[in-house]
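Residue numbers (the numbering used here): 1 to 423.
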RNA sequence: GGAGAGAUGGCAGAGUGGUCGAUUGCGACGGUCUUGAAAACCGUUGACUGUUACAGGUCCGGGGGUUCGAAUCCCUCUCUCUCCGCCA
């Protein structure tokens, strides 16, 4: 969530940011500012009263000790009266705090200055493109036909076991996915990321910390009896590793990576967009997360973009990098780069990674902080990105590399596959 | 699932109603000494809120209660540990 200080010092920046993000309820900003003033006002009254009560109570102890019982009794009455008043003030304060919190939490993060204006995905800015576009033979097939032809993935079997969007990988399809995961994790750890295996379910607090709650619970599978959520991305458990932590400045940046399945309800999608591997309820992803110094988080972001880009180059896939416009960015992000890979047989770009700087939006909720040299405590910045999401990478690898005799995989996978041709 | 014990500052561990935000030890940081390091000695060392600043306020797992006053008493929830059972 946004920091309350900003409302006191730079209201215009908030308004401008919200507008760029295509956020409509701008009057919330004024409501927050006046509520904040009211809250502090009540707080001052309440604390002054508490100070007085504390002082009197303390003196009662001394009176009792010196045997002045009557005076003590008198003081007791005095405090009792103050307590009544204090109770009312405390209730008012709690109410104001709750209202204030609810309002602040309802505001999205502010976009970075480099974020292009715009409302729809069409207005995203193409930063650069790379890789070679494939030339396919006349009978080129989309991946859902290839997976059937070579017996790599069974979508209908998944439907029987669970439902649509839960594919069953088999044979070399399963092997390829495992190889990719292994390769991605090796690539990340070699770049200095620490590997984690984390829980696939999180509690409400964790889901709140990264911004899935309070608004997006509909996108997550909910284990109601235990109040757990199946993770929509390993960003949630990974970032929450540092929830409520104060690290030393010298520990920054913290670099974490992890592989997990991800679960998304994604209600309301249909048609060719969700065909095959394009959109699933359960899919695998390798994630990278960093906790960075606020002064360096945009360098960190660029570094993560380079990192993911190199990975796509190593896989020899044609890709492009987009800087998302204000209207297409996620609620919590300040700047997001999307990576898309060209799916030759479907003739469309598929998002395979999204790399974002959240600045202090998540860390303010999670209280992820660092202590500088002089002992002062500041909020850190959090960033994350996929490196990479598996299904669409699988789809593009299959579609783009299909030849008469099978699918020819890129040589970087040689270390992890028995055989670089799927047939 | 059954029985019991516990939750205090980075960690360990005191504190059972009135200067306790909390003794002490370790760790960390600074200093003295040393060519340097270790040892020894001295000092500093929780967070949140709030004020121009000082003050003030809050926090001893969470929530509630008793009391003029709670880390300390009561209720409740959560979590941890030990033993038994079950189990990948």
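The beta carbon of each residue, even a glycine, is placed where N, CA and C say it ideally should be.
When the options are compared against residue i, the one with the closest alpha-carbon
i, options, result
"residue 323", "317, 199, 334", "334"
"residue 426", "76, 86, 339", "The chain is shown only over 1 to 423; residue 426 falls outside these bounds and no answer can be derived."
"residue 378", "295, 119, 344", "295"
"residue 371", "56, 245, 164, 325", "245"
"residue 382", "373, 134, 368, 185", "368"
"residue 195", "140, 184, 257, 281", "257"
"residue 40", "4, 143, 27, 22", "4"
"residue 328", "95, 282, 109, 63", "109"
"residue 305", "408, 215, 191, 224", "191"
"residue 284", "113, 174, 117", "174"
"residue 126", "320, 206, 50, 389", "320"
"residue 43", "91, 26, 387", "91"
"residue 280", "216, 389, 206", "389"
"residue 215", "387, 64, 330", "330"
"residue 405", "59, 61, 139", "139"
"residue 166", "118, 22, 278", "278"
CA-to-CA distance, residue j to residue i, given in whole angstroms
i, j, result
"residue 384", "residue 301", "8 Å"
"residue 97", "residue 168", "49 Å"
"residue 162", "residue 46", "56 Å"
"residue 361", "residue 84", "38 Å"
"residue 6", "residue 235", "26 Å"
"residue 354", "residue 336", "7 Å"
"residue 291", "residue 229", "23 Å"
"residue 56", "residue 79", "7 Å"
"residue 171", "residue 346", "24 Å"
"residue 349", "residue 19", "28 Å"
"residue 414", "residue 420", "6 Å"
"residue 11", "residue 37", "14 Å"
"residue 120", "residue 148", "35 Å"
"residue 232", "residue 412", "29 Å"
"residue 250", "residue 164", "47 Å"
"residue 380", "residue 365", "11 Å"
"residue 69", "residue 52", "20 Å"
"residue 122", "residue 376", "44 Å"
"residue 24", "residue 16", "11 Å"
"residue 146", "residue 220", "31 Å"
"residue 423", "residue 180", "18 Å"
"residue 100", "residue 113", "27 Å"
"residue 289", "residue 315", "22 Å"
"residue 287", "residue 407", "26 Å"
"residue 222", "residue 208", "14 Å"
"residue 241", "residue 73", "52 Å"
"residue 178", "residue 309", "21 Å"
"residue 206", "residue 199", "11 Å"
"residue 318", "residue 400", "9 Å"
"residue 274", "residue 50", "60 Å"
Bridge-paired residues (DSSP) for residue i
i, result
"residue 128", "321"
"residue 338", "322, 354"
"residue 284", "261"
"residue 55", "According to DSSP, residue 55 bridges with nothing at all."
"residue 169", "153"
"residue 421", "408"
"residue 290", "255, 383"
"residue 348", "343"
Residue i Cβ short of 8 Å to the ligand HEM heavy atom set
i, result
"residue 114", "Of ligands this structure carries none, so the ligand HEM is not represented either."
* alpha helix (DSSP H) runs contained entirely in the stretch 188-259, provided each spans 4 or more residues -> 204-209, 235-240
- Query: Which ranges does the beta strand (DSSP E) cover as unbroken runs of at least 3 residues, wholly within the stretch 89-134, from first to last along the chain?
  - Reply: 125-130
| message | Quick check: the stretch 250-269 against the stretch 153-161, are at least 3 beta-carbon pairs closer than 8 Å? | response | no
Q.
Restricting to runs no shorter than 3 residues, where is the beta strand (DSSP E) found entirely within the stretch 363-411?
A. 369-371, 377-379, 381-389, 406-408
* Is the stretch 388-407 close to the stretch 17-33, with three or more CB pairs under 8 Å? -> no
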